[in-house]
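**Q**
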Amino acid sequence: MSAFFNSYNYNPHRHCLKVSGIFVILLAVAGQANKAHAQTGQDGGAWFSANTQGVLGDRCSHQPGLRWWFDGHLRYRDDSGGYNQSILRPALGYAINRNTALWWGYAWINELPASGAPAFNENRMWEQLTWSGKCNAASILSRTRLEQRFVETGEDTGWRFRQLLKINRPLDFQPRLSLVAWDETFFDLNTTDWGQQGSFSQNRLFVGLGWKCSGKNQPKIEVGYLNQFLRGQSANDQSNHIASLNWFWTF
């Protein structure tokens with residue numbers, strides 16, 4: 569498999585066009601969702617995350633082989649005044665080549681609903697395909713994820729599809745500083761007894777700045793504005809305006 573992907577004739581201009589097309593489609597989905605659901609509640613919040621990944625064994629980061637992944641999240645709602653959600657998400661992966669990797673992971677989620685219902689736990693299994701590359705001076709990341717969701721308030725397994733596209737463009741006057749934008753769309757693939765509906769469920773759109781620190785592994789910080797649009801089930805839709813702060817380490 570590795571030989572097949574490595575022999576693929578990579579054309580950056582062709583991939584720029586494909587990536588641009590995908591990004592336009594994702595934004596169109598988000599825009600149509602907002603148009604279709606005019607009555608939208610508003611709220612503020614703050615999300616924090618720490619994201620790490622690295623190589624297992626003695627291989628170089630650009631060589632095929634096993635990888636590890638971990639991200640943790642802490643999220644607040646009600647204009648940052650109330651706890652909303654925490655996530656712990658480990659995974660193992662295999663890099664097919666320097667651009668493409670397959671992942672399999674687990675996630676534990678604790679959530680306190682905005683409705684005032686008691687907090688509950690969710691367990692997830694997930695599979696993921698990531699692709700990264702260049703489009704002129706910009707770095708591109710595509711992340712395709714399939715989740716199986718097990719919520720303690722019900723018996724059914726919820727299947728969900730997520731597609732993220734991220735663009736990172738270093739600034740000419742300071743290469744360590746970059747413009748960052750990403751969009752992620754969520755589709756529920758089935759209906760469950762704990763409330764998941766088989767349709768488009770939410771969209772997240774982030775715009776902000778990234779800073780690559782000096783030192784070992786060059787950790788990166790990204791800070792900016794995140795809009796989370798939630799499609800209402802029995803109530804109106806929700807648009808959350810979120811201050812987002814994220815740390816990234818690669819080993």
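Residue numbering for the sequence shown follows our numbering, starting at 569 and increasing by one per position. Every residue, glycine too, gets a C-beta built ideally from N, C-alpha and C.
With 16 other CB atoms within 10 Å as the buried threshold, where does F774 fall?
**A** Under this definition F774 is a buried residue.
**Q** Exposed or buried, what is G776 when buried is set at 16 or more other beta-carbons lying within 10 Å of its beta-carbon?
**A** Answer is buried; the Cβ neighbour count reaches 16.
**Q** For the stretch 718-737 against the stretch 687-701, do three or more pairs of beta-carbon atoms, one drawn from each stretch, fall closer than 8 Å, so that the two count as touching?
**A** Segments in contact, yes.
**Q** Ignoring anything shorter than 3 residues or poking outside the stretch 713-796, list the beta strand (DSSP E) runs there in chain order.
**A** You should have 725-739, 742-756, 768-780.
**Q** Within 10 angstroms of its Cβ, does D751 collect 16 or more other Cβ (buried), or is it exposed?
**A** Buried is the call here.
**Q** Would you identify the three-state DSSP class for S710, choosing helix, strand or coil?
**A** Of the three classes helix, strand and coil, the one that applies to S710 here is strand, per DSSP.
**Q** Measure from the alpha carbon of G661 to the alpha carbon of each residue in T818, I708, W636, then state which is nearest.
**A** Of T818, I708, W636, the residue nearest in Cα terms is W636.
**Q** Please go through the same chain and pick out, in chain order, the residues whose beta-carbon is closer than 8 Å to the beta-carbon of G633, but skip the five residues on each side of it.
**A** Once the five neighbours on either side are set aside, the close Cβ partners of G633 are V623, L624, G625, R627, Y662, A663.
**Q** If I follow the unbroken beta strand (DSSP E) through P658, where does it start and stop?
**A** Its beta strand (DSSP E) spans residues 650-663.
**Q** When the Cα atoms are used, what is the spatial distance from G749 to N736?
**A** Note that residue 749 is Ala in the sequence shown here, rather than Gly. The alpha-carbon atoms of A749 and N736 are separated by roughly 7 Å.
**Q** Consult DSSP for H641 and reduce its assignment to one of helix, strand or coil.
**A** Residue state, collapsed to three classes: strand.
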